[in-house]
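Count along the sequence shown starting at 1, add 255, and that's the number in our numbering. In this text, a Cβ means the ideal position worked out from N, Cα and C, and glycines have one as well. Just so we're clear, the structure is a prediction, and the values are computed from it rather than from any experiment. A short worksheet on the structure shown next.
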Amino acid sequence: MDWTASFARRAHTLGSGEITAILALAGATDVITFSGGFPAPETFPVGVVTDIVADLLARDAAVALQYTATEGLASTRDYLAARLEAVQGLRPAPGELMITSGGIDCMELLAKSFIDPGDAVVVEAPSYLGAIMAFRGYQADVRGVPLDGGGLRVDVLADLLAGGLRPKVVYTIPDFQNPTGLSLSAERRHALVSLARRYGFLILEDVAYRDLGFGAPPPPALWSLAPDVVLQAGTCSKIFFPGVRLGWAAGPAQIISQLAIAKQNSDQCAGALGQRLFEEYGRGGHLDRQLAASRELYARRATLLTAALAAHLPEDSTWTVPEGGFYSWVTLPEGVDTVVLNSRATERKVAFVPGAPFYPVATPAGARQLRLSYSRVADDLIDEGVRRIAAAIAGMPPAAPAGVPGTASILIPETS
């Protein structure tokens, strides 16, 4: 039988499985994959984790192997609250913090709790696929606001608000954004929270990459500036390892309480073993040491990637130069369709994500943009992977301009 006619109407708003396709390459060994935002396996703390798990099973199995309170284990929340105070300068009050099953869980729970069909939600354009899908899953009217070198164009948002737009939520990734790698300037952070207070919308701040900067610390987190109007979604996937599926939500107590209720009829609670493992790992000082090593690794790979882009991409290509996180955002010359290019690149055993799905509404710029994630690509494969992409471009009709080493510009992307 063909069951598609029985699908709920909202199922048709969820996209065509872009994230599924990305995750399908998680275990690929014969493809140079710049597609997924996967942390490098070299950062996985196998030895330390083995020892901690053995210890937990010996002395704390009754907790570590059991269900937990929906908002998370009290000891894990206490550790995480102390860490947020240490690295962001603010400690959540009781009731203002819960443990989630990754960052996407916070987004889904917020959409479930906040969004009625037709409610407006603002996202960056381009933005994280998972967030767009979470809001569309509850039939939100998802609007895009462009980025430039200073991050979200808060001035454009202000004009839209003055013109009558009333979003319930504004979603932003202020630090080393997915997919562009750009960051929100300090001045714009203050302006954004002022708009939230003036117009009464909630800021959903995704800090997935905040701890992975290559230089000076980023400006203050939006949540630390305005905990009354910001819900922070954090994840352990990029800084610990994805297999534990852990994250957090920090924000106003009323909102956290409602998210906990919403979580009770989804997965009920995040896994206790993962919570205790993350807690003990952090309390032992291992997380800070891992982050230092991870930053060094990702900074080196970002440098290798930008050098490869300069060496191989056609003239008139542009890209962002990462200062943290996992990504560079590439805009190719006019006439190059990155969806078509993706098929040709796959034939050459190299993968990336075309730009179009990162926009809530199709744009001409998105059709010729792509995201490259350098985080999991071995150092000695980065140049070869970009060379294969360039070869695929050169073989497309109509032919793109021939690559001239060192002549491509290094610019911010077009985001109209």
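Exposed unless 16 or more other CB atoms sit within 10 angstroms - verdict on residue i
{"i": "Q545", "result": "buried"}
{"i": "M362", "result": "buried"}
{"i": "E535", "result": "buried"}
{"i": "A504", "result": "buried"}
{"i": "A426", "result": "Here residue 426 is Tyr; the residue named in the question, Ala, does not match the sequence. Under this definition Y426 is a buried residue."}
{"i": "E351", "result": "buried"}
{"i": "W574", "result": "buried"}
{"i": "Q624", "result": "buried"}
{"i": "V632", "result": "buried"}
{"i": "Q487", "result": "buried"}
{"i": "W258", "result": "exposed"}
{"i": "L439", "result": "buried"}
{"i": "G509", "result": "Sequence inspection shows Gln at residue 509; the Gly mentioned does not correspond to that position. Q509 is exposed by the Cβ-count criterion."}
{"i": "L245", "result": "Any question about residue 245 goes unanswered here, given that the chain covers just 256 to 671."}
{"i": "S261", "result": "exposed"}
{"i": "P660", "result": "With a pLDDT of 36 at P660, under the threshold of 50, the predicted position of this residue should be treated as unreliable, though the coordinate-derived value follows. Under this definition P660 is an exposed residue."}
{"i": "I516", "result": "exposed"}
Residue range of the unbroken beta strand (DSSP E) whose run includes residue i
{"i": "P619", "result": "Run containing P619: none in the beta strand (DSSP E); it sits in the alpha helix (DSSP H), 619-622."}
{"i": "V632", "result": "No beta strand (DSSP E) holds V632; DSSP gives it neither H nor E."}
{"i": "G427", "result": "First, the residue type needs correcting, since residue 427 is Thr and not Gly in the sequence shown. Element bounds for T427: 424-427."}
Residue i - partner residues in DSSP beta bridges
{"i": "W478", "result": "Beta-bridge pairing links W478 to no other residue."}
{"i": "I354", "result": "W503"}
{"i": "E379", "result": "V400"}
{"i": "G406", "result": "D403"}
{"i": "L625", "result": "V585, P609"}
{"i": "I287", "result": "V605"}
Endpoints, alpha helix (DSSP H) assigned at residue i
{"i": "Y536", "result": "527-538"}
{"i": "E340", "result": "329-343"}
{"i": "M388", "result": "384-391"}
{"i": "L514", "result": "508-519"}
{"i": "D522", "result": "No alpha helix (DSSP H) holds D522; DSSP gives it neither H nor E."}
{"i": "V674", "result": "In the structure as shown, the chain starts at 256 and stops at 671, and residue 674 therefore has no counterpart that could be examined."}
{"i": "A319", "result": "316-319"}
The ligand COA heavy atom lying under 6 Å from the CB of residue i
{"i": "E442", "result": "In the structure on display, the ligand COA does not appear, and there are no ligands present to speak of."}
Item to complete: Please determine if the region 513-531 and the region 444-453 are in contact, where contact requires at least 3 C-beta pairs separated by less than 8 Å.
Response: no
Fill in: Inside the region 433-494 only - alpha helix (DSSP H) runs reaching at least 4 residues
441-454, 477-480
Item to complete: Report yes or no: do three or more beta-carbon pairs, one from the region 427-442 and one from the region 459-470, lie closer than 8 Å?
Response: yes
Item to complete: Let me know the alpha helix (DSSP H) ranges lying completely inside the region 561-613, each 4 residues or longer, listed in chain order.
Response: 593-602
Practice prompt. Report yes or no: do the region 402-418 and the region 376-385 share at least 3 C-beta pairs separated by less than 8 Å?
Written response: Yes, since at least three Cβ pairs between the region 402-418 and the region 376-385 fall closer than 8 Å, the two stretches touch.
Item to complete: Assess, as a yes-or-no matter, whether the region 612-624 is touched by the region 465-484 under the definition of 3 or more beta carbon pairs within less than 8 Å.
Response: no
Worksheet item: Any chance the region 548-562 sits against the region 393-404, with 3 or more Cβ pairs inside 8 Å?
Response: no
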